[in-house]
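A.B. asks: When you line the sequence shown up against mature numbering (1 follows the signal peptide of the UniProt record, and there is no 0), it's residues -35 to -1, 1 to 760, in that order.
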Amino acid sequence: MLKKMKKAKRKRLLAMALAAGVTISGLGYSTTSFANDSTGNTVQVHNEVPKLIDAASINAVIGAMTLDEKAKIVVGVGMPGLFGIPKLSVAGAVGGTPAIERLGIPAMFFADGPAGLRISPTREGETKTYYATAFPIATNLASTWDTKIIEAVGKAQGKEVKEYGVDILLAPALNLHRNPLNGRNFEYFSEDPLITGKMTAALVNGIQSNEVGATVKHFAANNQETNRFTIDTIVSERALRELYLKGFEIAVKESNPWAVMSSYNLLNGSPASQNTELLTTVLRDDWGYEGFVMTDWFAGTNPVDQMRAGNDLIMPGFPSSSTAIINAVKDGSLDESLLDRNVKNILEFVVKSPNFKDYANSDSPDLAAHAKVARQAGAEGMVLLKNEDKALPLKKENKVALFGNGQIETVKGGTGSGDVNAAYTVSIVDGLTEAGYQLQEDLVNDYKDYIDTLRQQDEYKIKPSPWGEDFGKEIPIIPEKPLEVNEITQVQEDTDTAVIVIDRNSGESADRQHVEGDYLLTDTEKEMIENISTVYHEAGKKVTVVLNIGGPIEVESWKDKVDSILVGWQPGQEAGYAIADVLTGNVNPSGKLATTFPKQYSDVPSASNFPGTPAENPTQVVYEEDIYVGYRYHSTFDVAPSYEFGYGLSYTTFEYSNVRVNKGGKFKDTITVFANIKNTGDVAGKEVVQLYVSAPDGELEKPEIELRAFDKTKELKPNQSQLVTFELDAMDLASFDSEKDQWIVEKGVYEVRIGASSENIKGTTTIKVDKEIVVEEVNNALEPNVAFDELSKLN
Ligand code: BGC
C-alpha cells in the first residue's frame, strides 16, 4: 500500500536532496518512467522513489533541475506502441510526461477523447476488460442546449479517466463547424461560438470535478482534415476573435481547463504550436490562461520555436526535440527562463494529477450508471425535423417495418482518436425491440443476412483501425441493401408504419466528400425513400426517417416525401435505446440544431474555398466568408436553409409571450430580457429558448443576427409556464474592432429577438445604447499576412 509522505517531511527531504544533490530512495512511492534496455530499446520501468516535489516547492525544484531534466519534461514520452516505445501501463493511453525520479516527479498519462475515454479494452495476458463508455458525439451533445446534462456527461467521463488511471483527458474538442464536410465535425459542437464555449465549459467543469484534467483542442482554426499538418489557414483577426477563438475564450474563462492542445495547421503563416501571438499574447496575456499548452501529436516543425511560443509540452515527443532544446539554450538562442516558464506550467499540473497523489484507481468505473447518462444525453440532443400529422411518436400497437442497413449496424460515433472502445453498441433493432415494438421479423432477418454475407467478403471485413486496435475498428461501408417494390409492398401489408434508417460515418484524417453516399444520398437510398413512401402512403400509412449521422447531409430533395424525420445523430453506445426513447415518446424531443442543414452544399458560405488552394493539393485556405459562418451567413444574405440553426420540433407546442426588457430598454452595464414560455400542447416537454441580437451597423458591419444567450426550460407540463430570464452584459452586445483591437458596443438600437430557432422569432424588444462602450482592449495579434477580400454585406 502506498503511503503519502507528510508535507513537512517531504519538504525536509526535498531540502536535503537539493542541498546534497542526491537521490533518496526506498520511501515506498512508486512511479513509472522510461529507460533504455541493454539493446537500446526504450522500456517502461516502475520505480520506488520519494516524492520530493509539491505545489509549494516547484520553483525550488526547477532551480535544482539540470538542463537535461528540463528539456526532458517538456517533451512527452513518445508514442506508446510506436518506434519501439512500449505501451503505457494504461494501455491505449496515447502519451504522457516523463518521470524524473531524482526529484520525485511522477509521470502523467494522457488519453483521448471527445466521446469518452479511449483506451485499449484488453491487455496482454489479462482476461479483465477495460471498456469505457461511448457517449454521444459532441454535435449530439450541443443539440441538447442543456449545460446541466453536459456537465453530467463530463462528470461521468472524468470518473472513467480517474478510475482507469489516466491523469488528463484529451477532450473536449471545439473547433467550429465552418463547413459540413470537415471529417471531424462530429467531435465538435456547433457553427456558433457561444454554444460551443458554453458546452465546452460545462464538459470541462464536469470532467475536472474528478480532480483530473481536461484538454481543450485544437487551438485554433483547425477546421478541416485535408492536409491538416501543412495547411495555412488565413483568417481575419475579427473572425478569429468573434468566432474561431471565442469558444476557447469562454472555456478558459469559465472552466479553467488544465491543458490546451495547439493544432496542426498554420494560422496566418505560422504553425499554431509555434505561434507566440496565439499561445502567449492571446491565450495567456489577453485571457489570463493558467494551464499548460501541449502540441497535437507530431505537430509543428521546430521544437525550439514551440518552447518560445509558449507551447509548454511537445507531444508525443522525440528525444531529438529535447536535444534541440538543450542545444538552443547552450548556444543562447533559447532563453532558459522561457524553458523554466514552460517546465513550471507543466509541473503545476503534475502536482495536481491523480498519479502524483497516488490515487488508487479501481479500474472499474460504474459503466452501468454512465450508460444511463449517455442514453439520456443522446436522446435529449436528438432533433425532430419534421412530424406531419403526428406521425411520431410511434404507437405502441403499431407493427414496424425497419428499413436501412443502419438498423443493424447503428453508428455510435465517428472514427479515429474520437472513437471509444465501448463494450457494445445498441442497434436500433434492439432498441425498438426492447421498447416493446413488434418489428417485421423477415425484414430484419433479410438485413441481417445481407450484412453478414457482405461482411464475410474481404472488401467489407471489419478490421482493426489502420492506426492500431486502440483506435477502434475500420468498418468498411456496406452499400445500402437494394429493395424491390414488390418486397416493400409485401412488408407494407404486414405492418402499420415504416421507419427508414440512413447512416453515415466519418473520422479523423479525411474530410467528407460532396458525393453520393456521403453528403448526398446514393441512388439506392433515394429509391428506398421514394418507393417506401409511395407504397406506404398509398396504403394510408406513415413513413419516418431516422438520420444516424455525424453532421448534415442533403435533405432538401427528399424531405417532402416522408412524414417525419428525426436526427438521431451518432448517440454513443446506447444508440438504439436513445433513438427508441424518442421514437416511442418516452422522451419528448427537445434538441435543436446547433449547425445549419443547408438546401445544397453550394449554399455553404465556405463551399467555394474549402478545403483550400490549389484544389489538387491545398496548401492554403482563405476564410473569405469571414464572420459570415453558418446562420450568420444564411440570415444576412437571405439564403434559406432546409433546416435552420436552432430549429427542432417537439411532440408538444409552446407559446412565447411577453418578451420584454427592464430599465426601459436603456443599456447600462447590464440589461435583463424576459420571456414567458407556456406548454400549449398535451404532453410534457422542454423548450430551448434562444436570444439573438441584431446589432446596428456602425463603423463595423454586423451579421443580421448573433446568438447571445440561450436557456432550456424545465420540463413543462401541459398548460404550465416558465419565465425565462437572460441577463446581458456589454460583452454580450460587443463586436471586435480589429483596427482598434477593442471589443466595442457601438451606439444605436439593438434588436433582441427571442426565438424558437434563428428564423422562428416569437417576440422582439429593443435595447438602446446611447454612446459607444469600449468593453475591453486587447493586444494586437494574429493579423493575416496575406491580403484578401472578406465577404461583406455592403458590397
Ligand atoms: C488528434 C488529437 C488526438 C491525438 C492523440 C491527433 O491525431 O488530432 O485530437 O488527441 O492525435 O491521439
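Yeah, the Cβ is synthetic: ideal placement off N, Cα and C, and Gly gets one too.
#1: What is the DSSP secondary structure of V751, counted as helix, strand or coil?
#2: Just the Cα atoms here: how many angstroms apart are Q403 and E362?
#3: Would you list, in sequence order, the uninterrupted alpha helix (DSSP H) runs of no fewer than 4 residues that lie entirely inside the stretch 608 to 649?
#4: As a quick exercise: from I70, V500, H335, E255, pick the residue whose alpha carbon is nearest that of I114.
#5: Going by C-alpha distance, which of G234, V466, M164, Y412 is nearest E452?
#6: Based on Cα-Cα distance, which residue from D735, I38, K727 lies nearest to D305?
#7: Whose C-alpha, out of Y657, E680, G663, is nearest the C-alpha of I642?
#8: Looking at the strands, I want to know which residues DSSP matches up with V739.
#9: Based on Cα-Cα distance, which residue from D157, K317, K524 lies nearest to A224?
#10: Any idea what DSSP makes of Y412, helix, strand or coil?
#11: Kindly indicate which three-state DSSP category D270 falls into: helix, strand or coil?
#12: In chain order, what residues of the same chain lie with their CB nearer than 6 Å to the CB of L159, ignoring the 5 residues before and after it?
#13: Do P236 and Y616 have their C-beta atoms closer together than 8 Å?
#14: Taking the C-alpha atoms as reference points, what is the distance between D417 and V394?
#15: Run through the stretch 62 to 145 for me and flag every whole alpha helix (DSSP H) of 4 or more residues, listed as ranges in chain order.
#16: Any idea if G297 is buried or exposed, counting beta-carbon neighbours within 10 angstroms, 16 or more meaning buried?
#17: Alpha carbon to alpha carbon, how far is N551 from T380?
#18: Does the beta carbon of H599 fall short of 7 Å from some heavy atom of the ligand BGC?
#19: Could you compute how far the alpha carbon of S(-6) sits from the alpha carbon of T165?
#20: I'd like to check one pair, A325 with L243: are the Cβ atoms closer than 8 Å?
#21: With burial defined as no fewer than 16 other Cβ atoms inside 10 Å of the residue's Cβ, what is the status of P45: buried or exposed?
#22: Taking the alpha-carbon of S571 as reference, which of T578, V594, Q565, E313 has the nearest alpha-carbon?
#23: Looking at G630 and I726, is the spacing between their C-beta atoms short of 8 Å?
#24: Determine whether the beta carbon atoms of S227 and A264 lie at a separation below 8 Å.
#25: Relative to the C-alpha of V200, which candidate in Q271, N760, F753, G346 has its C-alpha closest?
#26: Which one or two residues does DSSP pair with A366 in a beta bridge?
#27: Given a threshold of 16 other Cβ atoms within 10 Å of its Cβ, counted over all protein chains shown, does E704 qualify as buried or as exposed?
#28: Which value, in whole angstroms, describes the spacing of the CA atoms of S(-11) and T561?
#29: Which same chain residues end up closer than 7 Å to D476 when comparing Cβ atoms and leaving out the 5 residues on each side of it in sequence?
#30: Thinking C-alpha only, which one of Y484, K491, E521, E664 is nearest K446?
#31: How is N745 classed by DSSP in three states: helix, strand or coil?
#32: Tell me where the beta strand (DSSP E) around Q457 begins and ends.
#33: Within 10 angstroms of the Cβ of residue 764, are there 16 or more other Cβ atoms? Answer buried if so, exposed if not.
#34: Can you tell me which of L210, H183, E669, K633 puts its alpha carbon nearest to the alpha carbon of K736?
#35: Pop quiz: V714 and L656 are said to be a contact at Cβ under 8 Å. What is the actual Cβ separation, rounded to whole angstroms?
#36: Is the beta carbon of G256 sitting closer than 8 Å to the one on P222?
C.D. replies: Reading it off the structure:
#1: Translated into the one-based positions of the sequence shown, residue 751 becomes position 786. Of the three classes helix, strand and coil, the one that applies to V751 here is coil, per DSSP.
#2: Reading the sequence shown from its first residue, position 438 is the one you call residue 403. Reading the sequence shown from its first residue, position 397 is the one you call residue 362. One C-alpha to the other measures close to 8 Å.
#3: Runs of alpha helix (DSSP H) with 4 or more residues, each lying fully within the stretch 608 to 649, are absent.
#4: Working through the sequence shown from its first residue, we reach residue 114 at position 149. Nearest option by C-alpha distance: H335.
#5: If you number the sequence shown from 1, residue 452 lands on position 487. Residue Y412 is the option with its Cα nearest to E452.
#6: Translated into positions along the sequence shown, residue 305 becomes position 340. Closest in alpha carbon position to D305, among D735, I38, K727, is I38.
#7: As a first step, residue 642 must be located in the sequence shown, where it is residue number 677. When C-alpha distances from I642 are compared across Y657, E680, G663, the shortest belongs to E680.
#8: Sequence index remark: in the sequence shown, residue 739 carries index 774 (1-based). Partner residues in the beta bridge of V739, as assigned by DSSP, are I709.
#9: As a working note, residue 224 is residue 259 in the sequence shown. The residue with the shortest Cα to Cα distance from A224 is K317.
#10: Numbered from its first residue, the sequence shown carries residue 412 at position 447. Helix.
#11: For the purposes of this step, residue 270 is taken as the residue at position 305 of the sequence shown. The answer is helix: DSSP assigns D270 an H, G or I state.
#12: Here residue 159 is taken as the residue at index 194 of the sequence shown, counted from 1. Cβ neighbours of L159 beyond the five flanking positions: L672.
#13: On the sequence shown, residue 236 is found 271 positions in, with the first residue counted as 1. On the sequence shown, residue 616 is found 651 positions in, with the first residue counted as 1. No, these two residues do not count as a Cβ contact at 8 Å.
#14: Numbered from 1 along the sequence shown, position 452 holds the residue referred to as residue 417. Numbered from 1 along the sequence shown, position 429 holds the residue referred to as residue 394. When rounded, the distance between both Cα atoms is 15 Å.
#15: Counting whole runs of 4 or more residues, the stretch 62 to 145 contains the alpha helix (DSSP H) stretches 103 to 107, 112 to 128.
#16: As a position in the sequence shown, residue 297 is number 332, starting the count at 1. Counting the other Cβ atoms within 10 Å of the Cβ of G297 gives fewer than 16, which makes it exposed.
#17: For the purposes of this step, residue 551 is identified with residue 586 of the sequence shown, where counting begins at 1. For the purposes of this step, residue 380 is identified with residue 415 of the sequence shown, where counting begins at 1. Rounded to whole angstroms, N551 to T380 spans 30 Å at the Cα level.
#18: If you number the sequence shown from 1, residue 599 lands on position 634. Flag unset: Cβ of H599 not near the ligand BGC.
#19: Here residue -6 is taken as the residue at index 30 of the sequence shown, counted from 1. Here residue 165 is taken as the residue at index 200 of the sequence shown, counted from 1. Per-residue confidence for S(-6) stands at a pLDDT of 49, beneath the threshold of 50, marking its modelled position as unreliable; no derived number is given.
#20: Here residue 243 is taken as the residue at index 278 of the sequence shown, counted from 1. Here residue 325 is taken as the residue at index 360 of the sequence shown, counted from 1. No.
#21: Counting from 1 along the sequence shown, the entry for residue 45 is found at position 80. Around the CB of P45, 16 or more other CB atoms lie within 10 Å, so the residue is classed as buried.
#22: Numbered from 1 along the sequence shown, position 606 holds the residue referred to as residue 571. Sorting T578, V594, Q565, E313 by C-alpha distance to the C-alpha of S571 places V594 at the top.
#23: Translated into the one-based positions of the sequence shown, residue 726 becomes position 761. Translated into the one-based positions of the sequence shown, residue 630 becomes position 665. In this structure, G630 does not lie closer than 8 Å to I726 by Cβ.
#24: Stepping through the sequence shown from its first residue, residue 227 is reached at position 262. Stepping through the sequence shown from its first residue, residue 264 is reached at position 299. Yes; because the gap between Cβ atoms is below 8 Å, this pair is in contact.
#25: Counted from its first residue, the sequence shown places residue 200 at position 235. Of Q271, N760, F753, G346, the residue nearest in Cα terms is F753.
#26: Taking the sequence shown and counting its residues from 1, the one referred to as residue 366 is at position 401. The bridge partners DSSP lists for A366 are A463.
#27: Taking the sequence shown and counting its residues from 1, the one referred to as residue 704 is at position 739. Looking at its Cβ environment, which holds fewer than 16 other Cβ atoms inside 10 Å, E704 is exposed.
#28: Along the sequence shown, read from residue 1 onward, the residue named residue -11 stands at position 25. Along the sequence shown, read from residue 1 onward, the residue named residue 561 stands at position 596. Bear in mind that the predicted position of S(-11) carries a pLDDT of just 34, short of 50, making it too unreliable to give a figure here.
#29: The residue labelled residue 476 in the question sits at position 511 within the sequence shown. So the list reads L146, N147, G148, Q189, E190, T191, P576, once near-sequence residues are dropped.
#30: As a working note, residue 446 is residue 481 in the sequence shown. K491 is the residue among Y484, K491, E521, E664 whose C-alpha sits nearest the C-alpha of K446.
#31: In the sequence shown, residue 745 corresponds to position 780, counting from 1. The answer is coil: DSSP assigns N745 none of H, G, I, E or B.
#32: Locating residue 457 in the sequence shown gives position 492, counting from the first residue. Here Q457 belongs to no beta strand (DSSP E); instead the alpha helix (DSSP H) covers 450 to 458.
#33: The structure shown has nothing for residue 764, since the chain only spans -35 to 760.
#34: On the sequence shown, position 771 is the one that residue 736 refers to. K736 has its Cα closest to that of K633, out of L210, H183, E669, K633.
#35: As a working mapping, residue 714 is identified with position 749 in the sequence shown. As a working mapping, residue 656 is identified with position 691 in the sequence shown. Rounded to whole angstroms, the Cβ separation of V714 and L656 is 16 Å, and the two are not in contact under 8 Å.
#36: By 1-based counting over the sequence shown, the position of residue 256 is 291. By 1-based counting over the sequence shown, the position of residue 222 is 257. Cβ distance < 8 Å, so G256 and P222 count as in contact.
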